[in-house]
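Working notes, beginning with the structure itself.
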Amino acid sequence: MRVPERPSLDGLEAKWGARWEADGSYRFDPARPRCDVFAIDFPPLTVSGVLHVGHVFSYCHTDVLARFQRMRGRSVFYPVGWDDNGLPTERRVENVYGVRCDPSLPHDPGFTPPARPGPRKQPISRPNFVELCRRLTDADEQAFEDLWRRLGLSVDWTLAYATIGERARRVSQRGFLHLLAAGEAYQAEAPTLWDVTYRTAVAQAEIEDREVPGVAVRVRFGAEGPAGPDLVVETTRPELLAACVALVAHPDDDRYRGLVGTTATTPLFGVPVPVVAHRLAEPGKGTGLAMICTFGDLTDVTWWRELGLPVRSVVTRAGRLQADPPAGVPAGPAWAGLAGRTTADARARTVELLRASGDLAGEPRPITHPVKFYEHGDRPLEIVTSRQWFVRLLDHRERYLARGRELEWQPPFMRARYEHWVNGLHSDWLVSRQRFFGVPIPLWYPLGADGEADHDRPIVPPAGRLPVDPSTDVPDGYQAADRGRPGGFAGDPDVLDTWATSSLTPQIAGGWEEDPDRFARVFPMQLRPQAHEIIRTWLFYTIVRSEFEHGVLPWRRAAISGWVVDPDRRKMSKSKGNVVTPAAMFDRYGADALRYWAAGGRPGTDTAVDEGQMRVGRRLAIKLLNSARFILGLPEDGPGGGLGAPLDLAVLAGLDAATADATAALEAADWTAALERVERFFWAFCDQYLELVKDRAYRPPGEPGGASARAALRTGLDVQVRLLAPYLPYACEEVWSWWRDGSVHLASWPEPPAAPAAAGADQRPLEAASQVIAAIRRAKSQAKLPLRTPVRRATVAGPAELLAAARAAEADLAAAGRVAAFEYRERPDPATLEVAVELATPEEATT
RNA sequence: GGGCGUGUAGCUCAGCUGGCCAGAGCGCGUCGCUUACAACGACGAGGUCACAGGUUCGAGCCCUGUCACGCCCACCA
């Protein structure tokens, strides 16, 4: 036994972190049978360059569950992943190094990035760009790893993977090729939502609506024949006038019924367009007559498709009006004034032109309206027509809904989000992205004699060649010189959506098709912890992939965590300047305290940063050290039990109840309830029980009652250190090391009874004694006297059973309360004990 | 516009399938350096359980409606 003179939390993180790493304490044991494995599909940590306490919050929850399961004897499969793939990394590289990717440039092997970013972004080749992405993520990952280690996450670092790493690329490409072979992945030339800043198509799941200012403009169209006055259309996108292919009204709208089938004429351009009817036209919006453009919004796409209208594109992929007008639109002065402008510029310019030509009906009205944005973008999405890869979702909606009902959701209401999303899907999953730092689409296309790619006959690499990069690798049967030559081949230039890889995290981590033995042991997994805002992406897509590849749910339970909000309950963000960094919290309170605060966040609920709670957590950890020092510093008894006093049996019986409750809560993944239960017991153990038996505990070995108290104290400590270990891994490990071998985190989870002698013992002696000692303290406190003030007589009144229970602890009460004499009065009515306390006079007190 | 969630002491929240005087921690006040702990301990004061109806012997908990807040979703006229 080696108990320090003054226990402290200082230095524990470095000391035990190094030990756990050296001992491989958290290694997964691949030899254990499937039934002993607890596998966690842990969220790949987003390497974003910004650290805030939100990053540690939900990971603590998972870690508590992992540590609990490990102590229950499971081999925990707890891999850590890095989500470095994707657009956020690209954007950071652009800003940090002042570069941008130009895939037409050749690789420059001697390239070094500018020392500091210049005002203009320097164009560099794709390989150089990807190199910089790697360099940046490597550095970030190191910083993040240090943070997770300090937090005490019990992940298995030997299982680490990165979503841009070779293994992930191989799995991702294999998965894509499986979809392709099954006809579940297909390509289509279609109008899709397009981000003009990043110049890539985006999927439904990555879009968000934002309320932005705009204008509602009323525009006159020329009517045909005797229809009378001009037709007035209200639009927020007048710049798309040249893209107008029809006007539309609801079939039941009497105002326009007579016009359907006639032709109207666009102002400024004089282009004839048909007036058509469609149920999606809403009589109540604007004038009830809308302009159909290719393409202003998704409704335009629907109208265009269902009504068989022609295409007149005017917006380029860079978000500007194209140089030449679309076919059928004259290249007159009106167009000349708009060509090359951004859509926002062109909008204002069009209003001026309409005003000059007299085609404006009234003045433009400023409005705010919801506009679609790419979640990482800051300019509104446009709709452009391009060739893209899709994965079928709509065909299997019912199967995904069924899997969602099969999944155990925590909290259960989160299932509604999932169902809502799946029911609201309106398009298949667009998986191709016109980006650079991602998993390449593993295909080439043969080039015809005319040099055009034949997209209908993609060249597929054999499984053994994966991963491939079609921009540098050459398909079997071709030479490098055939690239881009008529009769040769061209690589698919696109990369896969980052979720197309992340949706395979169970397969990547589990060794799918590469380590079948391991995969069979860990998949399907037990737990998927994640945040609620990515239910529609990560969670949904993972179910999609698992359903396709394996026909099963990828995990049994999804634990959805809430947000961390600032102390004023606002979401933390860099722009608001309210980000709390974890490093400062670590320094001030320590990892255990931070974990304690995080564990107070109930499943699925938002939690505010609360330094007060961190202080409480720190206090709990210190209390544990101090109480352990006291208990372990008591005289040692020889072997042979000794448990016997009713109070000692009672405390252990109470501990058994707490253990059972905490275990049940943790089995249900309710880390907060379990902690509350254990914590409550622990404080009572220290403040009530320990104070009551101190006198006996001090007695030398051999004297009556001493061994029993010490046995209960030691047993209680032993059990409670294990109950708290998932929450306070450092303080618990420290205490454990004072008197036990090995790591507490590999010790067994306590199971009642803590001591056979105390099994099912009567808990009332402790309950009664606690009431009596509290009353004695109250009397002294109200008399403004020190607690050591003697009591001449304490008269205890109450029901017979409680009186008997109190009497069983009389000697302890007398010592703890300095009571000279007790009297007992039986009274049936009060449920609790009433204690009349006669304090000693000052003269008596001094003697 | 649709959906989900939340509204309980100054603050953060517990209150399980409705059952005796509504709980905890923080904060606050008072007292106390008692041989584990003064970055501590003991004790105490704080609540019309958002509002209005209803069901019931009995409701913070169930039903209806209203209000406030948060989140998710929605075809930008």
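In this text, residue positions in the first sequence follow this note's numbering: the first is 696, and each later residue adds one.
Ideal Cβ placement from N, Cα and C applies to all residues, glycine included.
C-alpha gap between residue i and residue j, whole angstroms
i       : j       : result
Lys1475 : Arg1483 : 9 angstroms
Val1388 : Gly1512 : 11 angstroms
Pro1021 : Arg1007 : 5 angstroms
Pro1421 : Thr1302 : 20 angstroms
Pro804  : Arg815  : 22 angstroms
Phe964  : Arg1000 : 24 angstroms
Gly878  : Arg1283 : 56 angstroms
Thr989  : Gly1014 : 14 angstroms
Thr853  : Leu1199 : 19 angstroms
Ala1364 : Glu1103 : 11 angstroms
Ala1018 : Leu1096 : 47 angstroms
Gly712  : His1121 : 49 angstroms
Lys1266 : Gly1299 : 15 angstroms
Val928  : Ile1229 : 39 angstroms
Asp1210 : Ala1369 : 37 angstroms
Val1491 : Gly1285 : 45 angstroms
Arg1050 : Leu1076 : 27 angstroms
Leu637  : Thr930  : Here the chain comprises residues numbered 696 to 1542, so residue 637 is not present and cannot be evaluated.
Leu1461 : Ala1509 : 14 angstroms
Glu1371 : Glu1521 : 35 angstroms
Ala1293 : Val1155 : 48 angstroms
Arg1082 : Thr887  : 9 angstroms
Presumed contact (8 angstroms Cβ cut-off) between residue i and residue j, rounded CB distance
i       : j       : result
Ala938  : Val996  : With a Cβ gap of about 12 angstroms, Ala938 and Val996 do not count as contacting.
Gly1397 : Ala1340 : Going by Cβ atoms, the distance from Gly1397 to Ala1340 rounds to 16 angstroms, so no, they are not a contact pair.
Val1439 : Arg1417 : 6 angstroms
Phe763  : Trp1444 : 7 angstroms
Val759  : Trp1431 : 17 angstroms between Cβ atoms; not a contact.
Ala1453 : Leu1344 : 4 angstroms
Identity of the residues DSSP links to residue i by a beta bridge
i       : result
Met1220 : Trp1250
Thr1080 : Pro886
Trp1139 : Ile1154, Gly1186
Ile902  : Tyr1069
Leu1534 : Val1486
Ala1148 : Leu1142
Pro774  : Asp851
Ile1317 : None, per the DSSP bridge assignment.
Arg915  : Val927
Pro818  : Arg795
Cys755  : Paired residue(s): none; Cys755 is not in a bridge.
Tyr856  : Gly776
Lys1266 : Val1260
Which listed residue (the options) has its alpha carbon closest to that of residue i
i       : options                            : result
Gly1146 : Arg1112, Phe1184, Val1163, Ser770  : Phe1184
Pro798  : Trp1431, Lys1389, Gly1437, Asp1189 : Asp1189
Gln1458 : Asp1305, Arg1473, Glu1446, Ala1501 : Ala1501
Ala976  : Leu963, Ala1097, Val968, Arg952    : Arg952
Val794  : Phe772, His802, Ser770, Phe824     : Phe824
Ser1465 : Trp1378, Asp1212, Ala1195          : Trp1378
Gly1411 : Arg1391, Phe1380, Ala1293          : Phe1380
Asn1118 : Thr960, Leu1049, Arg1094           : Arg1094
Own chain residues within Cβ distance below 6 angstroms of residue i, not counting five before or after
i       : result
Pro699  : none
Pro1424 : Gly847
Pro725  : Arg1213
His802  : Ser820, Pro822
Glu1386 : Ala1511
Contacting residues, own chain, Cβ-Cβ under 8 angstroms from residue i (five flanking each side not counted)
i       : result
Phe1243 : His873, Leu874, Ala877, Glu879
Ala1158 : Arg869, Leu872
Neighbourhood of residue i by C-beta distance below 7 angstroms, restricted to the same chain and skipping five residues each side
i       : result
Met1280 : Val748, Leu1289, Met1309
Ser720  : Ser1438, His1440, Leu1441
Thr1542 : Note that Thr1542 has pLDDT 46, beneath the 50 cutoff, so the model's placement of it is unreliable and the number below is only indicative. Closer than 7 angstroms at Cβ, skipping near neighbours: no residue.
Glu671  : Nothing can be reported for residue 671: it is not among the residues displayed for the chain, which extend from 696 to 1542.
Ser867  : Val1134, Leu1191, Ala1195, Thr1196, Leu1199
Thr1037 : Gly1014, Arg1015
Phe916  : Asp925, Leu926, Val928, Leu942, Ala959, Thr960, Thr961, Pro962
Arg862  : Tyr856, Ile1203
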